[in-house]
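Heads up: the structure comes next, in structure tokens.
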Amino acid sequence: MAVGILSISLVLATGLLWYVGLRCRARATGQASEQPVGLSDRRQARLSIRMSKFALALALCSSVVVSAADTPNFIVIFVDDLGYADIGPFGSKLHRTPNLDKMAAEGRKLTSFYVTAPVCTPSRSSLMTGSYPRRVGLDESEKGQWVLFPGNQEGLNPDEITLAETLKAVGYKTACVGKWHLGDQLPFLPTRHGFDSYFGIPYSNDMGHDSRKQPYRYPPLPLLRGEEVIEEEPDQRLITKRYTEEALEFIEENKEGPFFLYLPHTMPHWPQYSSERFAGKSKNGAWGDSVEEIDWSTGQILAKLDELGIDDNTMVVFTSDNGGAVQHGASNAPLRGGKGTTWEGGHRVCFVVRWPGRVPAGTTTDEVAISVDILPTFAALAGASVPPDRVIDGKDIRTLLLDDQPEPSPHVAYYYYFMSHLNGVRSGRWKLHVARKGGRYPDYESNPVLELYDLETDIGEERNVAEKFPQVVERLQALAEVARRDLGDGKRAGKNQRPPGMVDMSVTLTSN
Ligand SMILES: [Ca+2]
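Numbered according to numbering that gives the first Met the number 0, the sequence shown spans residues 0 to 511.
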């Protein structure tokens, strides 16, 4: 009853604030969303949507209509650079992953699950916002880099409504343990984006001293608790173990639920490390060792849920932030390419979901799903609302996760972007490559290509059938044009882009 009254009053308050927020925004920016996004526009837009974000937060609060007993806990294990075929359920014979084998046997595999970029930062921006990287301005950094580096001015815009904020608004406790990589300036840290707590190395583990020759390109690698650097150059051999301990502690403390635990592992991104129990034990060098330790970690988490009796009320997702780094030991078989490419091996990742009694055990679906879908799907399960004042790309895919006979994918098209460039589009069984990156950083540009592959009969993208199916090419080219108009392509601005967060002056978290 109390919740009901609270909801009604919040709805009324929200209506008023919502109106005020929209008025403020309209006054400050006019038709800002129709304009190309420049730096000064970015600052202006940032100011202008602050009010509407406040109203939104209240709007999300007001949707508390599902009682806590009905709402599941969520755990997302987001592994760094893990290959499609690096785990048993996706065909690895090299790595021993008994816990993931069991998880898949008790849950469902999605074999056409896509992230939105073949590298860290842009991919992570989509998981948090339900939007393509170009929509939220994190397709490439302000310096034209493919991910953010220590001390960049850019980060995830504080005005974005994240997955954590969406769930927090309906009473979830939230924690981020691991690699954030959406900006290292104060306004961009996890604790400013809806997470009650944070513990981890905030960006890639090669962006420190450990793996670089002198003179060092980056300051010492920081380990953060909350917003404080608690260690410099932490012993990376222990990082998976420490993340796991933090995760278990958070689960234990919040067993009454509901909670959202986001666990983006630092490993097996180069340079790989693992603790003594795993180091040198796999058949695939340091890569295999760290993958097997992540399997162990996942087993610890599942065992904890069982021990606490919250197994049936917790959805666990295990996936990767981008395709496997083959040069370091990953396998993306049978997919072509890997990390940093727009072949399937760069964008399609392994995905296992488990929720006993809700996700049908031991099943697989090949329907297309995208990392942007996590936000609206979790929101639907939690009784939360997706941000109504902006375009997001994600769809509610509860059917793909929970139904015995899932409905077809809600996505007419999936877009392969490399940094700012549209490189391809998938629709149904067909994938059209329209461009491919050339050169090396900092001169990445995409060169036009026209190649059509039938992913149903040619998952390895070996036979270009563009000449044989001109009408399919034409249909997919039209879909590519839809993306260019909406999200932009290269220097061409899209009409529905939002600015990234920017600070005027940046500092690094540690100094040499
Ligand atoms: Ca990555």
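Here a beta-carbon is modelled for each residue, glycine too, at the ideal position from N, C-alpha and C.
C-alpha gap between residue i and residue j, whole angstroms
i, j, result
"R335", "L147", "26 Å"
"V290", "R95", "9 Å"
"E139", "R133", "8 Å"
"P407", "T110", "14 Å"
"A381", "T398", "15 Å"
"K92", "Y215", "38 Å"
"N511", "Y217", "8 Å"
"K167", "V448", "44 Å"
"P359", "E230", "43 Å"
"K494", "V118", "25 Å"
"L237", "K212", "22 Å"
"E292", "V472", "44 Å"
"P97", "R224", "31 Å"
"G372", "L400", "For clarity, residue 372 is Asp in the given sequence; the question names Gly instead. Looking at the two C-alpha atoms, the distance is approximately 11 Å."
"M314", "F187", "27 Å"
"E226", "P469", "54 Å"
"A329", "N283", "9 Å"
"G256", "L304", "12 Å"
"L262", "P71", "17 Å"
"Y311", "H327", "Just to set this straight, residue 311 is Asp in the shown sequence, not Tyr. Roughly 37 Å between the two C-alpha positions."
"L508", "E461", "45 Å"
"L55", "P387", "Bear in mind that the predicted position of L55 carries a pLDDT of just 49, short of 50, making it unreliable; the figure below should be weighed with that in mind. Going by the C-alpha atoms only, they are around 8 Å apart."
"Y171", "Y83", "31 Å"
"G177", "D457", "36 Å"
Cβ-heavy atom distance, residue i to ligand 1, below 8 Å
i, result
"H420", "no"
"D205", "no"
"H268", "yes"
"D395", "no"
"N331", "no"
"C119", "yes"
"D138", "no"
"N72", "no"
"D320", "yes"
"K338", "yes"
"D85", "no"
"D234", "no"
"D79", "yes"
Heavy atom of ligand 2 within 8 Å of residue i beta-carbon
i, result
"S122", "By its list of ligands, the structure shown excludes ligand 2, since it contains just ligand 1."
Beta-carbon gap between residue i and residue j smaller than 9 Å
i, j, result
"V390", "S122", "no"
"F73", "F258", "yes"
"V475", "S445", "With the sequence shown as reference, residue 475 is identified as Leu, and Val is not the correct amino acid for it. Going by C-beta atoms, L475 is not nearer than 9 Å to S445."
"A379", "D395", "yes"
"K254", "I309", "yes"
"E366", "P405", "yes"
"I369", "V135", "no"
"F198", "E252", "no"
"D85", "W269", "no"
"W429", "Y415", "no"
"H432", "N422", "yes"
"N331", "A116", "no"
"L260", "V75", "yes"
Bridge-paired residues (DSSP) for residue i
i, result
"S319", "V78"
"H420", "F417"
"T364", "L109"
"Y261", "V75 and C175"
"W342", "Looking at the DSSP assignment, W342 forms no beta bridge with any residue, so it has no partner."
"L451", "L431"
"K212", "DSSP, once it has assigned bridges, lists no residue as partnering K212."
"E444", "G437"
"V228", "L223"
"F350", "T318"
"G382", "According to DSSP, which records beta bridges pairwise, G382 is partnered with nothing at all."
"T313", "N72"
"R425", "Y413 and K430"
"G487", "A492"
Minimum C-alpha distance to residue i - residue among the options
i, options, result
"T243", "E450, A302, D209 and H420", "A302"
"M501", "K101, L126 and G150", "G150"
"G344", "G106, C175, G459 and L185", "G459"
"P189", "I200, C175 and Y202", "C175"
"R191", "P157, K172 and G170", "P157"
"M266", "R276, G287, T340 and L486", "G287"
"P233", "G154, L260, E248 and H208", "H208"
"M206", "Q235, S196 and L185", "Q235"
"V316", "V481, G298, E306 and A324", "G298"
"T173", "F112, E248 and L220", "E248"
"T128", "T364, A278 and F377", "F377"
Any chain C beta carbon closer than 9 Å to residue i
i, result
"T239", "Reference to chain C is not applicable here, since this structure consists of a single protein chain."
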